[in-house]
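J.: Residues 365 to 920 (our numbering) are what the sequence shown spells out, left to right.
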Amino acid sequence: MKPLLAVPFLNAARVPASVDRLALLAVLVIALGVRFYSITVPVIWYDEAYSLLLARETPTRIWAMTALDVHPPLYYVLLHYWGIVWGDSPLAARAFSVLADVGTLLLCIKLMSLIATRRATWIAALLLALLPISVRYSQEVRMYALLGFLLMSATVALVCWARAPEQKRYAVVYVLLMTAAFYTHYFAGLCVLVHWLFWWQSRVTGNGTAIAADRWLIANSAVVFWYLPWVPSLLNQLADTTTLGWIKPVTLQGALSLVWQFTVMGDDSSKQSVSQLLPFALMLLCACIAVVGNSGERRFRVLLVGYFFVPVTALYLTALFLPSFVPRYLVFTAPALAMITGMALDVLFRRWPLWANAALVFFIVGQLCGLTEIYRQTDGLNGTDQRRKSGFSQLILQLNQVVRPKDEIIMSNPFWFPTFAYYSNTSINPKFEVHSSIDDFLRSTRRGAFSLINDPVASSYLDGVTFLDCRSQRIWWITDSDLSVDRPLFAKDRAPSLTLYGGDISAYLFTPESVPAPARGGTKSMLKLPLSPAAQNCPPAPFATSANRTRRSLPQ
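1. Looking only at its chain, what residues have a beta carbon closer than 7 Å to the beta carbon of Ile760, apart from the 5 residues adjacent to it on each side?
2. Sort Gly630, Gln640, Pro454 and Leu641 by Cα distance to Tyr739 and report the nearest one.
3. Could you check how far apart the C-beta atoms of Phe562 and Leu667 are, in whole angstroms? I think they sit under 8 Å.
4. Identify which residue in Ser659, Arg663 and Gln640 has its Cα closest to the Cα of Thr569.
5. In its own chain, which residues sit with a C-beta less than 6 Å from the C-beta of Thr430, not counting the 5 before and 5 after it?
6. Cβ of Leu648 within 8 Å of Cβ of Leu554?
7. So, helix, strand or coil for Met775, using DSSP?
8. Applying the criterion that 16 or more other CB atoms from any shown protein chain within 10 Å of the CB defines a buried residue, is Gly512 buried or exposed?
9. What is the rounded straight-line gap between the Cα of Arg533 and the Cα of Arg483?
10. Threshold first: 4 residues or longer. Then list the alpha helix (DSSP H) segments lying entirely within the stretch 432-486, N to C.
11. Going straight from the alpha carbon of Val829 to that of Ala583, what length do you get?
12. For the alpha helix (DSSP H) containing Tyr410, name the first residue and the last one.
13. Alpha carbon to alpha carbon, what distance is there between Phe727 and Arg810?
14. Going by the DSSP bridge assignment, what does Trp841 pair with across the sheet?
15. What is the DSSP secondary structure of Lys532, reduced to helix, strand or coil?
16. Quick one: grab the DSSP three-state call for Gly755.
17. Quick one: Cα of Gln625 to Cα of Lys612, how far?
18. Looking at Val523: is its Cβ nearer than 8 Å to the Cβ of Leu478?
19. Within the continuous alpha helix (DSSP H) that includes Gly734, where are the two ends?
20. Given a cut-off of 8 Å, decide if Leu622 and Pro691 are closer than it, judged by their beta-carbon atoms.
21. For my contact list, Ala535 and Ala518 are in at a C-beta cut-off of 8 Å; report their separation, rounded to the angstrom.
22. On the CB-based measure, 16 or more other CB atoms within 10 Å of its CB, does Arg715 come out buried or exposed?
23. Since Tyr825 sits in a beta bridge, which residues does DSSP pair it with?
24. Exposed or buried, Glu877, counting other C-beta atoms within 10 Å across all chains shown (16 or more means buried)?
25. According to DSSP, is Gly397 part of a helix, a strand, or is it coil?
26. Just verifying my parser: in three-state terms, what is the DSSP assignment at Gly812?
27. Put Leu319 into one of helix, strand or coil per three-state DSSP.
28. Using 8 Å as the Cβ pair cut-off and three pairs as the minimum, do the stretch 834-847 and the stretch 811-820 touch?
29. Could you compute how far the alpha carbon of Ala428 sits from the alpha carbon of Ser597?
30. I need the boundaries of the beta strand (DSSP E) containing Thr863, first residue and last residue.
31. Counting only the same chain and skipping the five closest in sequence on each side, list residues whose C-beta sits under 8 Å from that of Leu416.
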């Protein structure tokens, strides 16, 4: 770093290198503190459970199964080996994302030290340590923190390569990192746009050194070459656009509120308002100040500005035709917000230090508000509602204590499978009530979390069709509906022997003793005859049960 420039709190005094080391230590302590704080409070939700279950498979099987999913395999393979060493508890698994995100912080500090002043570097470092969106996804067992680390690593390698084009090692490192990024998430392609813009500007302006065209093309061709083994899987996934049905259509105001979602956050993120556009406007102002007000090579300042604005703009334009604008897919761009702000405040400190200090405090307070929303689990991001509801996980932990090896477990909602499989310590393969056709259910098990179901046919349950050994087997019925409203046929005229509660979800145990005894001939006092064993999904008369006895009509 430039030794003659001071950190913002020391004005322009000459500062020894030891101050930088102390500042780095303080930033790391803050970053680790806010990321590990309450890291185990949110429960493992659907997406995280899928990551952890898939990571339990072998690397070969992970490759094959992710080929049927929507994301590449590298994150799951690394999580597999991480789990071998540290286990897959919530703390251990989320710590992998924390370390990746803190690594991104260190890389940002390195990048700023190459292209900005010491003061701008440490302002950015402080804002990065407190950046709410980074904290949020560093506490989740998904690939977004790793993607941010790889892309920032590649960007640092690119800057080093641009400053010393004759050094081939930077080109090799860049190729390896970009290849790894593409094997982590497809949206690494958005960062490629930033890098190409930077290379093109370096060639056009002619200021300083530039990477030769032939070397740049060879490096990008090498990335494509190493990615070829995955291209067939990518093309198969692109051919199936039905997996995008859950993504809402993008709006201009929704895209412009992205900075608000990354910093201030809040449960009302779905209710867009004009106030949510203010952070974006401030960031545009900071970008203009950073580009125009600083000295030195402009291409590096444009690189920082483009690192956020180019991917956001490109994805917004794409989402107008194909639903794809999801804030978490753009988390890798968030560090640029802190770095742009750091460079802008550095300009203000040279001219209006009082206003600069006030602006810095304003930004920090805004980020602290965002952190508060995260710890309260009211940040309004995708999955937060499920992370906040601990009832189902508590229910499974209770079930682990009372379930027996030969029990049957039936769940009324198949989407509970990943979370159940993660928290359950039994060897029981549960059944899932099929609400649509059996063909639709089996089709859903071909990809995603349902592909981890061992035997989809044996795991399907059609009420009134699937046979259960009611007279010798204990059966657990897990549902979020009241038993008086939604009672399966096998539980007709039977009272549960035990009921476990977990929030809105309950588990009812039906034991063989609760099966109604057969009616005796000549008993005139019986007002209501119990259902036959076949009508209760019980043997021994398979031909006595038909699809027209199901509680829900099945599609033809």
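Beta carbons are placed, not taken as given, at the ideal position from N, Cα and C, and that holds for glycine.
In this text, all values refer to a predicted model and were calculated from it rather than measured experimentally.
T.: In terms of the structure at hand:
1. Working through the sequence shown from its first residue, we reach residue 760 at position 396. So the qualifying residues of the chain are Phe784, Tyr787 and Ser788.
2. For this step, residue 739 is matched to residue 375 along the sequence shown. Of the listed residues, the one whose Cα sits closest to Tyr739 is Gly630.
3. For the purposes of this step, residue 562 is identified with residue 198 of the sequence shown, where counting begins at 1. For the purposes of this step, residue 667 is identified with residue 303 of the sequence shown, where counting begins at 1. Right, the Cβ-Cβ distance comes to about 5 Å (below 8 Å), so this counts as a contact.
4. Counting from 1 along the sequence shown, the entry for residue 569 is found at position 205. When each option's Cα is compared against that of Thr569, the closest is Arg663.
5. Translated into the one-based positions of the sequence shown, residue 430 becomes position 66. Within the same chain, Thr430 has close Cβ partners Pro437.
6. For the purposes of this step, residue 648 is identified with residue 284 of the sequence shown, where counting begins at 1. For the purposes of this step, residue 554 is identified with residue 190 of the sequence shown, where counting begins at 1. Taking 8 Å as the Cβ cut-off, Leu648 and Leu554 do not qualify as a contacting pair.
7. In the sequence shown, the residue the question calls residue 775 occupies position 411. Met775: strand per DSSP, three-state reduction.
8. Position 148 of the sequence shown holds residue 512. Result: buried.
9. Counting from one through the sequence shown, the residue named residue 533 turns up at place 169. Counting from one through the sequence shown, the residue named residue 483 turns up at place 119. The alpha-carbon atoms of Arg533 and Arg483 are separated by roughly 30 Å.
10. 438-450 and 454-479
11. Taking the sequence shown and counting its residues from 1, one reaches residue 829 at position 465. Taking the sequence shown and counting its residues from 1, one reaches residue 583 at position 219. So the two alpha carbons sit approximately 59 Å from each other.
12. Looking up residue 410 in the sequence shown gives position 46. Tyr410 to Ala419 is the extent of the alpha helix (DSSP H) around Tyr410.
13. For the purposes of this step, residue 810 is taken as the residue at position 446 of the sequence shown. For the purposes of this step, residue 727 is taken as the residue at position 363 of the sequence shown. If I take the Cα positions, the gap works out to 46 Å.
14. Residue mapping note: residue 841 aligns to position 477 of the sequence shown, counting from 1. The partner list for Trp841 (beta bridge, DSSP) reads Ile774 and Tyr872.
15. On the sequence shown, position 168 is the one that residue 532 refers to. In this structure, Lys532 counts as helix in the three-state DSSP scheme.
16. The residue you call residue 755 lines up with position 391 of the sequence shown. Three-state result, Gly755: helix.
17. Against the sequence shown, residue 625 aligns to sequence position 261. Against the sequence shown, residue 612 aligns to sequence position 248. About 16 Å.
18. Along the sequence shown, read from residue 1 onward, the residue named residue 523 stands at position 159. Along the sequence shown, read from residue 1 onward, the residue named residue 478 stands at position 114. Yes.
19. Within the sequence shown, residue 734 is the residue found at index 370, counting from 1. Residues Pro717 to Tyr739.
20. Within the sequence shown, residue 691 is the residue found at index 327, counting from 1. Within the sequence shown, residue 622 is the residue found at index 258, counting from 1. Their beta carbons are under 8 Å apart, which means Pro691 touches Leu622 by this criterion.
21. Position 171 of the sequence shown, counted from the first residue, corresponds to residue 535. Position 154 of the sequence shown, counted from the first residue, corresponds to residue 518. Ala535 to Ala518, Cβ: 11 Å. No contact.
22. The residue labelled residue 715 in the question sits at position 351 within the sequence shown. Exposed, by the Cβ-count rule.
23. Translated into positions along the sequence shown, residue 825 becomes position 461. Answer by DSSP bridge pairing, in chain order: Glu797.
24. In the sequence shown, counting from the first residue as 1, residue 877 sits at position 513. Exposed: under 16 other Cβ atoms inside 10 Å.
25. As a position in the sequence shown, residue 397 is number 33, starting the count at 1. Helix at Gly397.
26. If you number the sequence shown from 1, residue 812 lands on position 448. The answer is helix: DSSP assigns Gly812 an H, G or I state.
27. Here the chain has residues from 365 to 920 only, and residue 319 is not among them.
28. Too few Cβ pairs lie closer than 8 Å, so no.
29. The residue given as residue 428 occupies position 64 in the sequence shown. The residue given as residue 597 occupies position 233 in the sequence shown. Approximately 9 Å between the Cα atoms of the pair.
30. Locating residue 863 in the sequence shown gives position 499, where the first residue counts as 1. Run containing Thr863: Leu862 to Gly866, per the beta strand (DSSP E) assignment.
31. Indexing the sequence shown from 1 puts residue 416 at position 52. Ile408, Leu443, Gly447, Asp452, Ala457, Val505 and Tyr786, listed in sequence order.
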